[in-house]
Amino acid sequence: METVKSIEDRRSIRNYTDKKISEDIVKDILNCGRLAPSAKNRQPWYFVVAKNEIKDKIADMMIDYSINADDTIESARIGHKSSVNPTANIIKQAPILILVFREKNDNWIIGDNLSIGACVQNMCLRATDLGLGTLWIRDIVYVAEDVAEMLNHSDLELNCAVSLGYPNESPKMRPRKNLEDIMEWA
Ligand SMILES: Cc1cc2nc3c(=O)[nH]c(=O)nc-3n(C[C@H](O)[C@H](O)[C@H](O)COP(=O)(O)O)c2cc1C
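Counting along the sequence shown from 1, when you hit position 16 you're at 18 in this note's numbering, and nothing is skipped either side.
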């Protein structure tokens, strides 16, 4: 598939069929993440592929958070919390959840976070190529420490996650700003 076609065809998919995904396909997608550029070629990522009970347990941790979180915390107050419960239910429905961890290193936070963005986008585009759907997930950050501890990876920071499965919906392209409104020549 042409790169531009996978860029145009990719959508956030929030509804999946229960068709199984082979390990080879998961590895193919992770491999495209691995090939992403990274600041100083640090390759600051580490992946855990969660399925079945572990995946559902993570979703339950998010649901618990969404019910019990202290609404005086700034991120909850400005509404970031409101999508945690819906996102948790998408995770339950998806066959696979790729957890994307970042090596903890305070000297490289910006570069490493940018690098992880490149890595995740590579994975989402490759999944599109292969006829799979993805959802890039930030809402997991509220339970990041608990998830890392459960998986014996407290040495790493959970940066985000990607749910993966065969799509059971085909949403239209979501609105985008016009190019003329977001650029200028200098
Ligand atoms: C860094 C990042 C984090 C996101 N986190 C979530 C999330 O936690 N839950 C969710 O439902 N969608 C999440 N999304 C999906 C966005 O809502 C979606 O990309 C946006 O609305 C545009 O839709 P599209 O991906 O179909 O083009 C996230 C997207 C990005 C890039």
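We put the beta carbon where it would ideally sit given N, CA and C, even for glycine.
Contact under 9 Å by Cβ, residue i with residue j
{"i": "Phe49", "j": "Leu101", "result": "yes"}
{"i": "Ile93", "j": "Val145", "result": "no"}
{"i": "Arg44", "j": "Trp110", "result": "yes"}
{"i": "Met63", "j": "Asp157", "result": "no"}
With 16 other Cβ atoms within 10 Å as the buried cut-off, status of residue i
{"i": "Trp187", "result": "exposed"}
{"i": "Lys174", "result": "exposed"}
{"i": "Thr180", "result": "Here residue 180 turns out to be Asn, not Thr, going by the sequence shown. Exposed, by the Cβ-count rule."}
{"i": "Asp26", "result": "exposed"}
{"i": "Asn161", "result": "buried"}
Limits of the unbroken beta strand (DSSP E) element including residue i
{"i": "Arg104", "result": "98–105"}
Unbroken alpha helix (DSSP H) run spanning residue i, endpoints
{"i": "Ile9", "result": "5–11"}
{"i": "Ala71", "result": "It is not in any alpha helix (DSSP H) - Ala71 carries neither H nor E in the DSSP assignment."}
{"i": "Leu181", "result": "Element bounds for Leu181: n/a, residue is neither H nor E."}
{"i": "Asp26", "result": "25–36"}
Which whole runs of the beta strand (DSSP E) in the region 40–65 are 3 residues long or more, in chain order?
47–52
Segments of 4+ residues assigned as alpha helix (DSSP H) that fall wholly inside the region 120–179
Runs of alpha helix (DSSP H) with 4 or more residues, each lying fully within the region 120–179, are found at 146–152, listed in chain order.
Do the region 11–21 and the region 155–173 touch if we need at least three Cβ pairs shorter than 8 Å?
yes
Taking contact to mean at least 3 C-beta pairs separated by less than 8 Å, is the region 51–66 in contact with the region 124–137?
no
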